[in-house]
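These protein sequence lines map, in sequence, to chains A and B. This note's numbering puts the last residue of the first sequence at 129; the count rises by one with no breaks. This note's numbering puts the last residue of the second sequence at 125; the count rises by one with no breaks.
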Amino acid sequence: GMPVEQNPPALSLYEGADSGLRCNFSTTMKSVQWFQQNHRGRLITLFYLAQGTKENGRLKSTFNSKERYSTLHIKDAQLEDSGTYFCAAGNAGAKLTFGGGTRLTVRP
Amino acid sequence: EAAVTQSPRNKVAVTGGKVTLSCNQTNNHNNMYWYRQDTGHGLRLIHYSYGAGSTEKGDIPDGYKASRPSQENFSLILELATPSQTSVYFCASGDAGQGAAETLYFGSGTRLTVL
């Protein structure tokens, strides 16, 4: 299968809702990054993790290298959270392999 | 915040023509990358570089060349453009040594259409 699989491919939330996105890796990865691509196509780095959990405001990400997955949790979703979220994982060097993305739509 | 600038923002080329996409970063990062983004594929790595004078093949290098004449500049060259190369291209930079993981900083993208 694909080295990095993201689920779900699309997600619709109402404002104020909480939800999670997930990436599964076919092999052990040393690090993961999460990006948001906004409506203008701009890629914004959200998190870089080599292990454990990081939080930033309403966002929280966890990386479990041994179990081969990473999650991104969005709390109290806002309209500006809409966009496509990508995870990208890497091993040696800085070559990252991207997942196919999750298209998030937040509705009022 | 790292500044990565791509040019042009949009480009229309004809089949068989030569296309050069340029990327400039002003934060003295060692590593630079070219990705393309197509619907259903996420981002795929074309070429990358660990420093001036170095270029490495990524996951989908066929049909592309790269040039890193300086720390700041990294170009992607399509010698004979084909319609299958119609895509959005992203340049990124990062500052880890070889073998280390890093945070990437992306440019705004170049939308290339090959007719």
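Note that the Cβ used here is the ideal one computed from N, Cα and C, for glycine as well.
Here Ile-65 of chain A is exposed, its C-beta having fewer than 16 other C-beta atoms within 10 Å. Counting C-beta pairs closer than 8 Å gives fewer than three between the stretch 56-73 of chain B and the stretch 19-33 of chain B, which falls short of the contact rule. Among the residues facing chain B, Arg-128 of chain A is not included, as its CB has no counterpart in that chain under 7 Å away. Beta bridge pairing from DSSP links Asn-77 of chain A with A:Leu-80. Cα atoms of Glu-101 of chain A and Pro-29 of chain A: separation of roughly 19 Å, rounded to the nearest angstrom. If you draw a straight line from the Cα of Gly-119 of chain B to the Cα of Lys-75 of chain B, it comes to about 18 Å. Sequence-ordered contacts of the stretch 114-125 of chain A with chain B read Gly-114, Ala-115, Lys-116, Leu-117, Thr-118, Phe-119, Gly-120, Gly-121, Gly-122 [C-beta pairs closer than 9 Å]. For Thr-113 of chain B, a Cβ of chain A is located within less than 7 Å of the residue's own Cβ.
Closest by C-alpha distance to Leu-88 of chain B, out of B:Ala-13, B:Val-14, B:Lys-21, B:Thr-15, is B:Lys-21. Legend: CB atoms of the stretch 54-65 of chain A lying less than 9 Å from CB atoms of chain B belong to residues Gln-54, Phe-56, Gln-58, Arg-61, Gly-62, Arg-63, Leu-64, Ile-65. With a 10 Å radius around the Cβ and a threshold of 16 neighbouring Cβ atoms, Met-23 of chain A comes out exposed. In the DSSP assignment, the residues bridged to Asn-28 of chain A are A:Arg-43. For His-57 of chain B, the uninterrupted beta strand (DSSP E) run begins and ends at 52-59, by DSSP. Lys-51 of chain A and Leu-125 of chain A have their C-alpha atoms roughly 26 Å apart. Non-local beta-carbon contacts of Val-127 of chain A in its own chain, meaning distances under 7 Å to residues more than five positions away in sequence, involve Leu-34, Glu-36, Ala-98, Gln-99, Leu-100, Asp-102, Ser-103 in chain order.
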